[in-house]
Amino acid sequence: MASAMAQKDRILIKGGIVVNDDDMIEADVFIESGVIKEVGKNLVVPGGARVIDAQKKLVMPGGIDTHTHMQLPFMGTVAIDDFYTGTRAGLAGGTTMIIDFVIPKKGESLLEAYEVWRKWADEKDSPRSKFNLCKTCMHVHLYENGTYSLKAKKVMEGVPFCVAKDTFYEKLDALKGSKKSNSKLTVFIDDKFYENAKYWLKNEPKNHEQFGLTKTDVGTIKRKQWTIQNDNILSKDRKIVVPKSQLHGILSQAHSSTAHCRRDKTGEFVKRTYAKISQHVVTLFVGLCHLHQQQKSVTDHLKRPITKPIQASNFLAQVQLDLIDFRNLNCSCGKNHNWLLHATDHYCKFSWLFPLSHITSEEVLEAVTQLFWQVGFPKKLHTDNGREFKNKNMIDFCNKHKIDLVHGAPRTPQTQGLVERNNRTVKENLANILKEKQVSLNTWCRFVGEAAYKRNVTIHRATSRSPYELVFGILPHRSMPTTPSPQQCSSMEADRQQEGEDENECAENTIETEVEEPTRVSDINNPTSKRKAEESSSQNRKQIKSQTNQKQNKYNEKMRSTRPSVKKFEVNDYVCVKIDKIDKMCCDYAFHVAVTWWNDDVGDEMETLVKEKGINSFKTFMAYKDVMMLTDEEMYHCYSKCKDIGAIAQVHAENGTLIAENAKKVLAQGITGPEGHELCRTEEVETEACLRAITIANQLNCPLYIVHVMSKSSADAICDARRRGCVVVGEPIAASLGTDGTNYYHKCWRHAAGHVMGPPLRPDPTTPGHLMDLLANDDLQVTGTDNCTFSANQKALGKKDFRKIPNGVNGVEDRMSVIWEKGVASGKMDPCRFVAVTSTTAAKIFNIYPRKGRIAVGSDADVIVWDPEATRVISAKTHHQAVDFNIFEGMECHGVTEVTICQGKVVYEHGELNVVRGSGRFIPTPPYPSYMYGRILKRDVTRKLVKVEREPYNGPVIEIPFSEPIPVVSPSQRKQKQQEQKKSGAARDLHKSGFELSGKQDDDNVPGRSSTRVCKPPGGGSSLSLS
C-alpha cells in the first residue's frame, strides 16, 4: 500500500523552465507527498513517478489570490460563486490559494464571525484522507524532515493493534539471536549501523572509523551499491532500505492494507517499495497478528479510490445505468417483470426507473432510447461490464448520438458508487410503499413511478436541494402522492375532515372576505354593477390565490425543515444572510478579518485571532456609511492595535460620507442606472480616502495594505507615499488591470450592471495601462481579484436604484491570463515579475513564504505548468465559475494554464478538472511578516520621541476668569430660536400674564442691590448750556 500511495503522489515535471521571482532556470521538479523534493537537471527519482512533459513550458508557483469574497452575504443576497465553485474555477486558471474575508456585521463578535466562515469553508461531508483505514487501526504514511517515517494511531478506543510493538521486537531479537551469523544485516538492519552508513554515504570520508564503521562494513555498503537521496538510503534497485525501528510501522501498514492476508501477499506488498525486509521477518509478523490467527479478514476495509472521482458540471453531463434484480419476487402484473433499469444523472442526482422482463441488449436499449428521446442525450454514459450494456447495439447507439460510453473496472462496484447507493434507496422506497399500502410484494412494478418520484423530491445532502428542484428549477407542485388501499379509506376520510377544519380556521385567521350577492343579468350593462362585479371577482381571485399559497407554504416549510437553516439579520438597507452549510474548498486558503465597529472588546478579539486563529490582517472600511464604515478615530485605534499585535492593517479607501451625499444628488437628477454608481464614487473620492488612510497609518508607524486600487490618482498617491518612506502596499485587481469604466455607459443594462463594483472601474481608458506600468515597476506590489459574483437576477435588485445593485465582479479564474496578456505579452514585465505579483509577494506579505510562492525544495507542491504560446478567449459560456457574466468577455489572452498541481495532486490538466470537495487546507498566517515589519521594528528603535531638557519657567502666569462653556448650537436650532424670538417680539400678548398668586416675578433670579448711585438730579438733567 505504501508503494501504491507513493507512486500516486510522485510527480516529475521534466524539461521545463522553472520561474521564481528572482531567477529562471531550466530544470526538472520532483514532487512527492505534496512537497517539492528536488529541483535540478536530469533528476533520477524513485520508480512509479508520473512524468509531465514541460518542454518549452514555464513551471511557476501556483497563484495566490489575495482578495476574494466567496458566497459573501451582501445587500440581501449571497454571492453565487461559493467556496466550491470559486476555488474550483481558480484552480482551472492557475490559482492554488485564496485569501478570503470574514466580514462581521456591526456589533457582532469577530471571533463568532470567524468561526462561521471557517465552518463554511472547513465542513467536509467526505473528509479528504492521506491514510487508509482498517477495522482496528489507522496508519499514516508521512514524510518528515526529508525522511520516511510511519506513525500509528488508534481509531477505536480499547482496540489494540494487530501486532503489539513490544512483542514484535522481542520476537525479532530472538529470531536474530537464533541465527549463527554475526552480520549487522542479518534479519534486520541495526539502527546504529543504519545511521552511521547514512552519514558515511553523505560525506564518504577516508576515515570511516569516526563513523563507527569497519572496513568490512564499508565493503558491504559498496557491494550493496547503496546510495543516499533525500536523507534515505536506497538500494541499487532504487528501493528504500529500512532500519529496525521502522519495521513495525511498515509491516503494520502493509498487512492491514492487504486485509490481514497471509505471508505471501504481505511480503509482495512490502517488496515493491522496501529493501532488506526478509521473508522470515514477514512470517514472524503475520504469525503474531491476532486477526490472522483467528482467520478473520477485515471486510470493511476502506480502500483507496481506484478511479478518479467523477465530476459532472451540468445536467446530463454524465448518466449512470445499472440493473436491480427482482427475480426473487414473482411479478403479478402479467408482464413478468424481473429487473429494474435504474438511470441516474450524476450532477442533479435525478433518477429514472424502468421495469424490464428480460435484460437482453434489445430490451435494455429500447428503455434507454425511450429515456434519452424524452429528456435529452447525455455527454457520457457510465455503465458496468454486463453484456446488456457492453455490446455492439449499445456501442452503435452511442456512436450515432455522440455519447461517450464508459465502463467501470471489472468487479469494482466503487466505480458505480452513485447509482449503487441510489439502488439501495430505491429498494427501500419500494419496500416502504408496499408496507404502507399493505399490498403484496408481487405488485412492486405498479409503484415504480411513485418510488422514483419519492426519490427525486427528497433533498440530497451533496446539493442541499432535491433533484426535482435542480432539474426543473421549481418546487414540486405537491408532496408525495399516494394511492390509498381499501383498508386506509376510512382513516383517510377522518383525516380529510380534520384537514378541512384546519384550512377553514387558517383562512379565517389570515383573510377576511365579503360575500357579494350574485350579479343579476339585468345589471350587466350597468357601469356601477359591472365595477362591483369586477371588484368581487378580483377579491375572489385573491382569496383563492392566498389559499393556494398557504398550501404551498406548508410544503415549503416542510422542505425547509430538512434544509440547512438560513438566518437573516437586517442592517439598515442591507440584509446579510448566514448559511449554516455550503459547498467546500478545493484549494488552500487563509482569511482576513474585517473590523466593522470598534470598542476595547474588538481589540481583545483581534489579539486572540492573531495568537490562536492564524489571522494576521484586518480590514477597515471608509465606505458603506452606517453599515461598515469606521470613523477616523476608530481607524486610529484599530491601526494602533494592529501595530501592537504585529498584524497588517488593510483599508477599503473611499469617502463614505461623500458617496452618500453624491448618491442623493445623482438620484435627484433622475439617474438611476449603473452609470450613477460611478458618478457618485468619483476618482477624487477614492484618492482623498487613500491619502487619509496613509496619513493615519504613518502617524502610528503601522504598515498599511490598500485593497483594490482602481484609479491613477490613488495609485500615484501610494507611489508618492512609498517614496517618502511610508510602509504601504497597493493591490490593483484583475478588473482594474483588464477593463475600464466605460462599460457603465453601455446601452445594455445587464452589461453595465455586471461591471458594478466598489470602488468602481474608471471611465478613463488609460487607467489599466497606467496601473500595469506601476505594477511592473514595483510601485504597486501585488494583485487580487475582489471576486464577488452575482447573477443577472441578483444584480436586478437595483434595476430602479443603482445603490441596490450588489457590488462585485468575477476574476478568480481569469486573473493569471489577464495579467500575462496585459503585462508580459505587452512587454511591460518579465516572467519573474509576473510570478512576483501573482504569487511570491503575496506569500511574503502574509508571512507564508517560502512555503507558498516559490518552487524550491521543501515548499508546498502548488505548481502550474504555463504555456506562454497558447491562447484562449475568455467567455462566460466556457468559464468554470457559476456566474452567468464575465467582465472580460471576448478578450483573447496569450498564456494559458496547461497543468495545475495543488498539494501535490494534478487537479487540472488540458482543460479537464479533477478536484475534490473539502480538500482545501486552512493556512495560518503568522504575525510580524518581515516584508511589512522589517523596517517598522527598526524605526520604533531609531525614531523614538526625544524630550528636550530645559529649565522650568518660574515667571508669572496670567489668570483667566472662569466662564461657563458656550453651548454648541446647530444651524437648525439657531434658526428655530430666531423664529421664536421674532414671533414673541412682534406684539404684546395681552392674554399672557406674568402674575402668579405666589408672588413670583420674572426677575427673581437677578440678585438685588442695596442702593443705586444716580449722577443726575431729581427730575432729570437739563439740556441747557450756559456757554
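Numbering-wise, the sequence shown is residues 0 to 1026 according to numbering that gives the first Met the number 0. No residue lacks a Cβ here, since even glycine has one placed at the ideal position from N, Cα and C. The structure displayed is predicted, hence computed values, not measured ones.
Cβ-Cβ distances below 6 Å link V50 to L11 and K13 in the same chain, with the five nearest sequence neighbours on each side left out; the list follows chain order. Residues S356 of the same chain have their beta carbon placed closer than 7 Å to that of K334, with the five preceding and five following residues left out of the count. When secondary structure is reduced to three states using DSSP, R117 falls in the helix class. With a beta-carbon spacing of about 24 Å, K426 and H406 fall beyond the 8 Å limit used to define contacts. Rounded to the nearest angstrom, the gap between the Cα atoms of G672 and Y635 is 36 Å.
Pairwise C-beta distances place the stretch 694-701 out of contact with the stretch 652-672, as fewer than three of them are shorter than 8 Å. Runs of the beta strand (DSSP E) lying entirely within the stretch 620-699, each at least 3 residues long, are 647-651 in chain order. In the DSSP annotation of this structure, the continuous segment of the beta strand (DSSP E) that includes V34 starts and ends at V34 to G39. Under the criterion of beta carbons closer than 8 Å, T766 and K827 do not qualify as touching, at roughly 15 Å. Residue pairing from DSSP places H341 in a beta bridge opposite D321 and L352. It is roughly 6 Å from the alpha-carbon of G655 to the alpha-carbon of M621.
Rounded to whole angstroms, the separation of the alpha carbons of K821 and P764 is 14 Å. For Q228, the enclosing beta strand (DSSP E) begins and ends at T226 to Q228. Shown here for P849: same chain residues with a beta carbon closer than 7 Å to its own, the five before and five after excluded, namely A855 and S858 in chain order.
A straight-line Cα-Cα distance of about 38 Å links G472 and R680. DSSP, read as helix, strand or coil, puts R464 in strand.
When the five nearest sequence neighbours on each side are left out, the beta carbons in the same chain lying within less than 6 Å of the beta carbon of K843 are those of Y930, in order along the chain. Counting only unbroken stretches of 4 or more residues, the alpha helix (DSSP H) elements lying wholly within the stretch 910-969 are 929-941, in sequence order. With fewer than 16 other Cβ atoms inside 10 Å of its own Cβ, K164 counts as exposed. CA-CA distance, E730 to T65, rounds to 9 Å.
Ranked by Cα distance from T86, the first of A53, F325, N809 and V727 is N809. Within the same chain, S439, N441 and T442 come within 8 Å of S331 by CB-CB distance, once the 5 residues on both sides are set aside. Under the three-state reduction of DSSP output, Y848 falls in the coil class, being neither helix nor strand. Counting only residues of its own chain and dropping the five nearest sequence neighbours on each side, K391 has no CB closer than 6 Å to any other CB. By the beta-carbon neighbour count (other beta carbons within 10 angstroms, threshold 16), C747 is exposed. With fewer than 16 other beta carbons inside 10 angstroms of its own, L936 counts as exposed.
G33 and D8 have their C-alpha atoms spaced approximately 7 Å apart. Within the same chain, and ignoring the five residues on either side of K618 in sequence, the residues whose Cβ sits closer than 6 Å to its Cβ are H591, A593 and Q649. Here R454 is buried. Its C-beta has 16 or more other C-beta atoms within 10 Å. Taken in chain order, the whole alpha helix (DSSP H) runs of length 4 or more contained in the stretch 726-780 are 733-737, 748-752 and 766-775.
Around the C-beta of L944, fewer than 16 other C-beta atoms lie within 10 Å, and the residue is accordingly described as exposed. Taking Q793 as the centre and dropping the five residues before and after it, the same chain places the C-beta of T76 and P805 closer than 6 Å to its C-beta, in chain order. With a minimum length of 4 residues, the unbroken runs of alpha helix (DSSP H) contained wholly in the stretch 794-871 fall at 814-818, 830-834 and 840-844. Secondary structure of G416 (DSSP, three-state): helix. Ranked by how close their Cα comes to the Cα of M756, the residues E653, K664 and L779 have E653 in first place. The alpha-carbon of G753 is positioned some 27 Å away from that of Y588.
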